[in-house]
Structure formats: structure tokens, C-alpha cells
């Protein structure tokens with residue numbers, strides 16, 4: 023009903039009841055009248071047939087057909103308007119007499135198979151009614167009281183015509199329908215009259231409301247109306263008056279608001295101009311700050327490096343104790359100032375989002391031990407125990423930025439040492455999760471220091487602020503360490519937080535996700551000889567003892583722990599005596615402990631605090647013992663333990679002389695002259711023939727001219743990269759099946775699979791290790807298919823346990839030990855490669871200078887030159903210059919502009935000057 027208007031509703035609600043009631047009544051009365059007429063006909067027929075049955079008794083008994091015919095003929099004539107035919111049948115169902123001819127007397131008869139019924143019956147058809155009544159003798163009824171069908175004389179059948187009856191019935195139905203239609207007509211008339219009186223005013227009012235809605239607020243509803251309609255009319259008129267008044271008031275408010283908005287927009291326009299001016303001033307200030315930081319980096323770091331370098335040089339000369347103390351104070355102060363400058367520069371880079379992270383493989387535990395060893399002196403000077411516990415399930419080799427991870431740990435450990443007066447500084451690393459490619463690690467640094475209140479914790483990660491002003495005055499610092507740490511952790515995809523209670527210590531923790539590498543990071547030790555060996559561990563500190571005991575137990579040793587030197591003399595294979603940094607060690611007491619230790623074992627190892635180096639030297643001169651600096655490095659401890667067990671390193675020797683060369687023809691391809699010279703020198707010692715190519719195009723041409731047994735292919739080269747060159751070589755007739763070995767500095771876990779899918783046969787990482795190169799030559803040599811591998815001259819000499827090879831020092835200008843190692847321990851080759859680097863520096867200097875001075879410079883040229891310099895640094899023992907080149911190359915490849923890396927370019931120029939000046943000392947040596 024909701025879809026129809028008021029007019030339709032009035033009509034429907036008015037006519038529907040009339041129609042329903044009229045239909046019900048008409049149907050009821052028509053039905054009754056219909057049946058009454060049929061009943062009346064049956065009654066009339068019965069009143070005719072029953073007297074005839076009685077009157078015909080004598081005629082039937084006497085078989086007087088004439089008398090019976092006269093009776094039925096008279097009855098037929100008298101009722102001819104409804105009677106069609108009257109027939110009398112005897113008891114044998116034979117026609118006795120009839121009033122007229124009937125076309126089918128069988129329809130008037132009872133069934134011949136059944137006896138004549140004792141009572142009359144009727145049978146109704148469409149337009150006829152047949153009545154049958156038996157003719158029974160009256161004497162039989164008197165004598166017996168019940169009609170006897172066996173004695174019936176016959177029966178009479180009358181066929182009545184119902185045509186007039188049907189006509190009368192139809193007339194009755196028509197009359198009922200006519201009355202119904204008249205009723206509906208009257209109802210419709212009254213409904214339309216009601217609609218006219220109700221819907222017309224409502225429609226009129228609807229039209230007026232619609233005009234009011236469209237804004238004609240001056241219109242009003244006129245005319246006389248009755249009842250509720252008049253109230254509705256008055257309400258609509260009142261609403262129109264209110265709307266008109268509201269419209270006037272609203273228009274006034276809009277005019278006022280428009281005026282106010284116009285004034286506000288004018289003020290906003292003025293503010294926007296002022297903000298634009300302020301923005302330009304801020305951008306100019308940021309540019310000035312960047313220039314200032316770049317200049318400060320260049321102007322401050324250069325003299326500071328000179329102060330530090332010449333201080334160290336002077337410390338190597340003959341000096342008095344006072345002069346040594348003064349110079350050490352100068353060096354520490356310069357280093358502290360340099361650290362502050364580095365913190366400010368790192369903070370500025372992090373704020374600008376321009377600090378590039380390295381992604382290189384490194385040995386995880388050794389990297390952490392470097393941090394611990396550097397911080398150990400500060401901790402031991404205060405009498406603090408410093409421990410490192412690494413989850414043994416963590417892989418040895420991971421990929422990430424070791425320098426930044428060390429910086430994070432250094433900041434956290436340095437803070438813990440700064441704010442702790444007694445107790446422990448415990449560093450722990452746990453494996454949270456691991457998959458095929460990466461591990462998620464959680465680092466914790468726990469101390470027993472002064473703690474941090476909840477109010478002070480909210481200020482920890484704010485720049486240039488510390489927990490308390492008084493603490494800042496007492497302990498010093500820039501207030502940037504934790505800010506840089508938090509930003510570095512966030513840039514590496516981790517999170518950092520802390521838990522602390524005032525006067526009870528603090529625990530800082532952070533998480534990192536690092537990729538896994540299968541590359542061997544360090545030489546592996548054969549510790550099978552230590553299995554089931556008994557070791558007495560004497561360690562006053564419970565935490566340090568637990569870590570050492572766990573580390574040794576994993577190698578199969580049987581550990582007996584004591585916090586003090588025992589009085590008994592039970593025999594052991596080893597005695598590890600660790601001295602506490604918070605105690606004064608008297609010579610007499612130490613002598614007594616060492617003598618008792620020798621009484622239990624011939625192998626005595628003493629762990630001394632990092633502040634007791636002089637004591638360690640004195641003990642080793644006095645006794646046949648080994649001294650290890652605390653915190654104890656796991657690798658150094660195992661090396662010391664297996665020293666007396668004829669240990670064997672599972673690694674290649676540092677330098678091996680090959681008695682005879684393998685009959686192979688090898689082609690080496692690299693665009694970096696230093697890399698190419700080194701790999702050529704290594705190959706010439708091992709194979710008969712070596713062909714060198716400086717780019718991929720030359721390599722393809724050589725492959726078309728002659729057959730090679732093995733090809734070593736660099737990946738990143740100008741004109742044609744290594745993958746494309748490999749594909750072209752595989753298409754040549756001579757070298758279609760020649761193994762091509764990729765040589766790349768990328769160490770990601772998926773890099774090997776990518777190169778193998780691209781067509782390479784194997785994978786080598788830079789810098790190339792001699793033993794790895796030898797294994798590759800043996801594996802891919804055609805001789806291995808016909809000759810047993812053990813017949814080829816492989817390195818068999820045992821390396822020295824006390825190798826002179828040192829870890830790469832990031833702060834050294836030239837690390838000659840690293841240069842020797844990268845040049846296969848050949849001093850002449852190392853000098854040549856360093857000289858090639860120095861000769862290439864002026865060309866790099868010119869390119870960098872042009873990039874800084876020119877607004878639009880070819881970035882590809884700058885990237886190529888920096889990449890080439892980076893490759894040369896990898897084989898020349900210049901860690902700082904290599905690190906700067908890696909930072910600049912990564913920034914350039916990520917889309918940074920020259921302006922973004924201008925401080926790093928100044929630093930690169932500065933470092934190249936230092937390398938040139940320092941390299942002369944090594945190149946001119948004889």
C-alpha cells in the first residue's frame with residue numbers, strides 16, 4: 023500500500039468491503055435459491071408419481087392397460103409443462119403402457135439385474151429428472167405392514183423437464199449479480215465523493231508545500247477546509263512563516279560568515295606567504311647546516327686524524343714515562359673528540375635518511391668479541407666483569423652491517439659501563455626464529471648499575487638529552503648514543519627497548535634480522551682431540567663461569583667448576599685459572615695458586631683482566647703457562663687448549679708452494695686491474711697457461727679463437743657484463759661446454775642460485791682465497807674425470823696456530839697484514855697492487871672534484887670510477903678507504919645526488935690523500 027497514493031487507498035478501502043460482503047451474500051442466497059428450486063421440482067414430481075402408483079394398482083393387477091393409460095395420460099396432460107414422459111413397467115421390467123413415445127425407455131427403467139426397490143428413487147441429469155416408484159398392492163401392505171418387493175406389480179417412471187428450472191436459477195443468479203453491481207456503484211459514488219472532499223485539498227496543500235520547498239516562502243494555503251484538514255492548513259502556513267523568518271535570519275548569518283571568511287582567507291594568505299618564507303629560510307638553514315657538517319667533517323677529522331696518527335708514531339719512540347702518559351692522554355682525548363664528531367655526523371645522516379648500510383658477510387661471534395675486547399679495559403678498570411654469551415644455534419656466518427651492529431653494542435655496553443660501579447655487564451644473543459635464508463636475533467645488555475626511573479626512561483631516546491642533568495655533568499657525553507642506536511636498529515628493521523629499576527640495574531634489548539651465508543668466515547678447528555678431556559675451571563664470577571663452562575662442554579670436555587682454588591690435588595688434563603678484575607692480585611698469592619695448579623695438571627691457562635697485561639707477561643716469563651685476556655674468546659681458548667694436542671685446522675694454508683702445475687688453460691676476466699693481476703698471479707702458480715681479459719667483449723673474442731679448460735668471469739664490467747659474456751661464450755663452438763665460474767663480491771644467499779640459473783657453472787666470492795681457488799680448479803678440471811683427485815697436488819702442509827694474520831682494523835689507513843693476506847702473502851704482489859691503487863687515485867680525485875664543482879655531472883661515470891676504486895681497495899689493505907667507497911657507491915646506486923653525499927666525497931678525498939702519503943712508506947721499502 024505504501025506505493026499507492028491517497029486516492030487509490032480511499033477507493034480500495036471503500037469498495038473492497040462492499041465487494042467482499044456483496045459477493046458473500048449473493049453467493050449465499052443464490053446457492054440456497056438454486057437448491058430450493060431443485061427441491062421444489064422433486065417435490066412436485068413426487069406428488070405426481072405417488073398418486074399414479076396407487077391409482078394404477080388395480081389396472082396392473084387386472085392387466086388392464088387401457089385404464090392405466092388413461093391415468094398416466096391425464097396426469098401427463100395436466101403437468102405437461104414439466105413432464106416429458108410417463109411410463110409403466112411390469113414386474114419383469116417390460117413396458118406396460120406409456121403416455122407418449124420416448125426414444126430410450128431403457129433410461130427410465132430400473133436395472134434388470136436387480137429387484138424392484140421397495141421405495142421410490144430419483145435420478146438427476148443436466149436438464150432432466152427421472153422419478154421411479156414401485157406399484158404395490160394395498161392388501162399386501164395391510165397384511166404385512168412392510169412393502170414386499172417380491173410382490174411388486176411393477177413401477178412407474180416419470181421424466182421431468184428441468185429447462186424452465188435452469189432458466190429460473192440463472193435469473194436468480196443474474197438478479198444477485200445485478201444487486202451486487204448496484205451496491206458497488208453506490209459505494210464507488212460515495213468513495214469518489216470522499217476523495218473529492220479529502221484528496222483534492224491534500225493535493226492542493228502538497229503543491230503548496232512543494233513550492234515552499236523550492237524557495238517560494240511567500241505562498242500560503244487559502245480556502246475553507248473542515249476538521250483536521252483545516253488544522254493541517256494552519257500548520258503548513260505557520261511553518262511557511264517560520265521558514266521565511268529563518269531564511270531571512272540565515273541569509274544575514276551567511277552574509278556575516280562570508281565577510282568573516284573573506285577576512286580569514288586574507289589572513290591565511292598572509293600566513294602562507296610568511297610560512298613559505300619561513301620554509302625557504304629553514305631549507306636554507308638545512309643547506310647551511312649540511313655544508314657546515316661537511317666542512318666540519320673535513321676540517322676537524324683531518325687534523326684529529328693527524329693528531330692521533332702522529333701521537334701513535336711518537337709512542338713508538340723512546341720516551342719517558344711522563345711523556346708516554348701525556349701522549350696517551352692526548353690520544354684518548356682526540357679519540358673522544360673524534361667519537362663525538364662521528365656521533366653528530368651519524369645523527370645528521372640518520373635524521374636525513376641518508377646513512378647507507380652495508381650488506382656484507384661476516385663472522386658473527388668474532389664481530390661481537392671485538393666489541394667486548396674493546397670495552398673490556400674500561401670495564402676492568404672499574405672492577406666490572408664483562409661477559410658475552412652467544413646462542414650456539416646461531417649460524418657462524420651472517421650477512422649484514424657488522425660495523426653498525428658493533429656501533430650499537432658499543433653504545434649500549436659503553437653506557438652500561440659508564441653508569442655501573444660494581445657487579446657485571448652481561449651481553450647475550452639469543453636465536454628467536456630461523457628459516458632457510460635468515461635468522462631473527464635478540465641482543466640483551468644487562469648491567470647492575472644505578473638504574474633508570476620510569477620518568478627518566480621517557481627521555482632516553484631524545485637527542486642531546488640524558489636521563490638527568492646531574493648525571494650528564496658527572497658522566498659526560500653528547501646525549502646522541504641511544505638516539506643513534508635507536509635509529510640504526512630501526513633502519514635495520516628491528517626494535518629496541520629497555521627494562522630498568524632505580525638502583526637495581528638496567529637491561530637494554532634489541533632485535534635484528536640477518537641473512538645467512540654458507541661462506542666459511544674463519545678457519546675451523548678440529549676439536550676432536552679435546553673430547554673427554556678433564557678441565558678444572560676456577561672462576562670467581564658465576565656468570566662468567568657459566569658461559570665458559572657451557573662453551574667448553576659443547577666441545578666434549580668434562581668441566582669441574584670451583585669458585586676458588588681447591589686444596590686437593592686431583593689430576594686434570596687442564597686447569598683454567600681466571601682472575602677477577604675487582605681484586606688486587608698479590609704476587610705471593612698468585613704464585614701459590616699457580617704451583618697448586620701445576621700440581622693438578624701440566625697444562626695451566628691463566629685468564630687475566632685486560633688491565634693486567636704486564637702481569638700476564640710476567641707470569642708467562644716466570645712459568646710455562648698460557649695467559650688469555652678476559653673476557654675469554656671462545657676461539658682463542660680452544661686454540662690454546664689444542665696447542666698441546668697437535669691440532670689440525672680445517673682450512674687452507676696461508677701459503678703453499680706447488681711442485682708442479684696442473685696442465686690447464688684458464689682465462690681470467692676482470693675489468694679491475696688489481697683484481698685481474700692478483701687472480702692471474704694466483705693462477706700462474708697452479709696452471710700451465712693463463713689468458714687475461716679486461717672486459718667481456720675481449721673474453722668472447724678469445725673464446726672464439728681458442729679452447730679453454732676453465733673460465734673465471736667477473737660479473738660487473740663495462741661494455742658487457744659477466745652474465746652476458748657467459749651466454750655468448752656458451753654459444754661458441756670451441757667453448758660451449760667450458761665451465762664458467764662467476765667471480766663476484768656479492769655474498770647474499772640467493773646470489774649463487776641467481777648466477778647458476780643465468781648460466782654460470784660455479785660461484786667464487788671476492789676476495790679470492792687460495793685454497794678455495796685450488797678446490798675450484800680441481801673440481802672443474804677435465805683431468806678429474808680421468809685421474810683420481812688425490813693424485814693432484816693439493817696443499818697438505820699444516821698451518822701455524824699462531825698466524826700473524828690480523829682482523830681488518832677499520833681505523834687504520836693501511837693494514838699491511840691484510841694487504842699481504844689479500845695478495846696471497848706475496849710482499850712484491852702486495853706492493854704492486856698498492857702502487858696500482860696509488861696510481862689510480864689521481865684519476866679518481868679529478869672525477870670527484872668535477873662532480874662536486876659541476877651542477878650537472880655524469881653520475882654513471884662517477885659510479886664507475888668509485889666502483890673501480892672500491893674493487894682496488896679490496897686487494898690493497900686500505901680498510902677505511904674501502905669503507906668510504908662502499909658507502910658512496912651504495913648511496914649513488916640508490917639514487918642519491920652529489921649534494922647528498924658531498925660530505926662523504928670530501929672524506930674520500932681526504933682519505934685518498936692519507937693513503938697516498940702512507941703508501942710511500944710501504945712501496946719504497948726494500
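In the working numbering, the protein residues as written are 23 to 948.
Every residue gets a Cβ at the ideal spot worked out from N, C-alpha and C, and that includes glycine.
**Message:** With H, G and I counted as helix, E and B as strand and the rest as coil, what does DSSP make of residue 418?
**Reply:** coil
**Prompt:** Hey, out of 159, 689 and 531, whose CA is closest to residue 75's CA?
**Reply:** 159
**Request:** Could you tell me the distance, in whole angstroms, from the CA atom of residue 629 to the CA atom of residue 635?
**Result:** 11 Å
**Item:** Cβ-based neighbour list, residue 121, same chain, cut-off 7 Å, excluding 5 preceding and 5 following
**Value:** 94, 95, 98, 107 and 108
**Item:** When 260, 219 and 203 are compared against residue 230, the one with the closest alpha-carbon
**Value:** 260
**Prompt:** So what's residue 879 in DSSP terms, helix, strand or just coil?
**Reply:** coil
**Request:** May I ask you to report which of helix, strand or coil DSSP gives residue 106?
**Result:** strand
**Prompt:** Three or more beta-carbon pairs under 8 Å between the stretch 435-447 and the stretch 396-407, yes or no?
**Reply:** yes
**Item:** Proximal residues to residue 594 (C-beta, below 8 Å), its chain only, five neighbours per side dropped
**Value:** 556, 557, 558, 582, 622 and 623
**Asked** Is the stretch 460-467 in contact with the stretch 445-452, if contact means three or more CB pairs nearer than 8 Å?
**Response** yes
**Request:** Give the secondary structure of residue 576 by DSSP, where H, G and I count as helix, E and B as strand, and everything else as coil.
**Result:** coil
**Request:** Report the residue from 518, 100, 40 and 156 whose alpha carbon sits nearest the alpha carbon of residue 78.
**Result:** 156
**Prompt:** Rounded to whole angstroms, how far is the Cβ of residue 719 from the Cβ of residue 742, which I believe are closer than 8 Å?
**Reply:** 5 Å
**Request:** In angstroms with no decimal places, state the Cα-to-Cα distance between residue 738 and residue 717.
**Result:** 10 Å
**Asked** Which residue comes first and which comes last in the beta strand (DSSP E) that contains residue 176?
**Response** 176-183
**Item:** Endpoints, alpha helix (DSSP H) assigned at residue 610
**Value:** 609-622
**Message:** Buried or exposed for residue 818, going by 16 or more other Cβ atoms inside 10 Å?
**Reply:** Because residue 818 sits at a pLDDT of 32, beneath the cut-off of 50, its placement in the model cannot be relied upon, and the following sentence gives the value as read from the coordinates. Result: exposed.
**Request:** Within 10 angstroms of the Cβ of residue 300, are there 16 or more other Cβ atoms? Answer buried if so, exposed if not.
**Result:** exposed
**Prompt:** Using the beta-carbon count (16 or more within 10 Å), is residue 929 buried or exposed?
**Reply:** buried
**Item:** Range of the contiguous beta strand (DSSP E) that encloses residue 648
**Value:** 648-651
**Request:** Determine the DSSP secondary structure at residue 900, reduced to helix, strand or coil.
**Result:** coil
**Item:** Close beta carbons around residue 198, own chain, < 7 Å, minus the five adjacent residues each side
**Value:** 48, 51 and 52
**Asked** If we count Cβ pairs, one from each stretch, closer than 8 Å, do we get three or more for the stretch 233-249 versus the stretch 193-213?
**Response** no
**Prompt:** If you draw a straight line from the C-alpha of residue 695 to the C-alpha of residue 894, how long is it?
**Reply:** 8 Å
**Message:** If I measure Cβ to Cβ from residue 391 and keep anything under 7 Å in the same chain, skipping five residues before and after, which residues do I get?
**Reply:** 410 and 655
**Message:** Given this structure, state the Cα-to-Cα distance separating residue 100 from residue 44, to the nearest angstrom.
**Reply:** 41 Å
**Request:** Report the residue ranges of all beta strand (DSSP E) runs contained in full by the stretch 434-459; include only those spanning at least 3 residues, in chain order.
**Result:** 446-456
**Asked** So, are the CB atoms of residue 784 and residue 763 less than 8 Å apart?
**Response** yes
**Asked** I think residue 63 touches residue 141, with their Cβ atoms under 8 Å apart; what is that distance to the nearest whole Å?
**Response** Going by Cβ atoms, the distance from residue 63 to residue 141 rounds to 19 Å, so no, they are not a contact pair.
**Asked** Under a three-way DSSP split, which group does residue 601 fall into?
**Response** coil
**Request:** State the start and end residues of the unbroken alpha helix (DSSP H) segment that holds residue 949.
**Result:** No answer is possible for residue 949: the residues shown for the chain start at 23 and end at 948.
**Request:** Determine the burial state of residue 611: buried for a count of at least 16 other Cβ atoms within 10 Å of its Cβ, exposed for fewer.
**Result:** exposed
**Request:** Taking only the alpha-carbon atoms, compute the straight-line gap between residue 798 and residue 381 and give it to the nearest angstrom.
**Result:** 25 Å
**Message:** For the alpha helix (DSSP H) containing residue 703, name the first residue and the last one.
**Reply:** 695-706
**Collapsed DSSP secondary structure at residue 350 in the structure displayed** = helix
**Asked** In terms of residue numbering, what span does the beta strand (DSSP E) encompassing residue 535 cover?
**Response** 527-538
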